[in-house]
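Below is one structure; the comments refer to it alone.
There are 2 protein chains.
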Amino acid sequence: MTDCIFCKIVNGEIKTTLIYEDDKVLAFNDIDPQAPVHILVIPKEHISSINNINENNHEIVGYIYSIISKLAKEKGIADKGYRIVSNCGQEGGQTVDHLHFHLLGGRNLQWPPG
Amino acid sequence: MTDCIFCKIVNGEIKTTLIYEDDKVLAFNDIDPQAPVHILVIPKEHISSINNINENNHEIVGYIYSIISKLAKEKGIADKGYRIVSNCGQEGGQTVDHLHFHLLGGRNLQWPPG
Numbered sequence: 001m002t003d004c005i006f007c008k009i010v011n012g013e014i015k016t017t018l019i020y021e022d023d024k025v026l027a028f029n030d031i032d033p034q035a036p037v038h039i040l041v042i043p044k045e046h047i048s049s050i051n052n053i054n055e056n057n058h059e060i061v062g063y064i065y066s067i068i069s070k071l072a073k074e075k076g077i078a079d080k081g082y083r084i085v086s087n088c089g090q091e092g093g094q095t096v097d098h099l100h101f102h103l104l105g106g107r108n109l110q111w112p113p114g
Numbered sequence: 001m002t003d004c005i006f007c008k009i010v011n012g013e014i015k016t017t018l019i020y021e022d023d024k025v026l027a028f029n030d031i032d033p034q035a036p037v038h039i040l041v042i043p044k045e046h047i048s049s050i051n052n053i054n055e056n057n058h059e060i061v062g063y064i065y066s067i068i069s070k071l072a073k074e075k076g077i078a079d080k081g082y083r084i085v086s087n088c089g090q091e092g093g094q095t096v097d098h099l100h101f102h103l104l105g106g107r108n109l110q111w112p113p114g
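So the protein lines, in turn, are chains A and B.
Just so you know, the working numbering puts 94 at position 94 of the first sequence, and the rest follows in order with no gaps.
Just so you know, the working numbering puts 15 at position 15 of the second sequence, and the rest follows in order with no gaps.
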């Protein structure tokens, strides 16, 4: 997707400090952090939202959770705890139309979750 | 897990109105809803938290997201949008030690997510 900001990060057109990269996934800090640890994890493949997740392509989501589980341990928030949030559409608060997962930790996350 | 409340729902010891069930997954309404639609989706298998998700067992998470995507369409919130939240540990706000995913929709979800 030529005008997707996350695709531009994937292809190197926009520079950011990567926290993690492999052939399927990227992780980097949110530019407007809402917690001491606030990382975005995205698939390299352009999938616009959870509405496009189905029985044929869901594997990437579980894979991303396995990466998030590792990152939480590396960032020292696994024991105290953290929250994973994925927004879909306008009422969900999705601001970039490329599937992404927020990993938030380092403080007490409140309830309700927004 | 004999004293896990979600395992008791899975094995029928605690009754609840199921929204969805298959061989791997259950979905039911949160007893303390934070939005007009507030559904919990859980794996039938007892996995205590995201900390226990790894390269060998992550498949269930993607599968749950594919079910959530379907449920959002069925509940009429797919177009307007929704949020998926998973809490891990105390600072994340996890209150039942059985992996679960909150699907929230039907109102504007705020930011930060708790």
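From the three backbone atoms N, C-alpha and C, an ideal C-beta is built for every residue, glycine too.
For A72 of chain A, the secondary structure class from DSSP, reduced to helix, strand or coil, is helix. An exposed status is given to L18 of chain A, since fewer than 16 other beta-carbon atoms sit within 10 Å of its beta-carbon. Taking V10 of chain A as the centre and dropping the five residues before and after it, the same chain places the C-beta of L26 and K44 closer than 7 angstroms to its C-beta, in chain order. Contacts with chain B at 7 angstroms (Cβ-Cβ) include V61 of chain A. For V41 of chain B, the enclosing beta strand (DSSP E) starts and ends at V37 to P43.
H38 of chain A has its alpha-carbon roughly 25 angstroms from the corresponding atom of I42 of chain B. At a beta-carbon threshold of 8 angstroms, none of the residues of chain A lie near V37 of chain B; the nearest stands roughly 10 angstroms away. R83 of chain B is bridged by DSSP to A:N87 and B:L104. Beyond the five residues adjoining it in sequence on each side, G106 of chain A comes within less than 7 angstroms, by CB distance, of A35, P36, V37 and I77 in the same chain, given in chain order.
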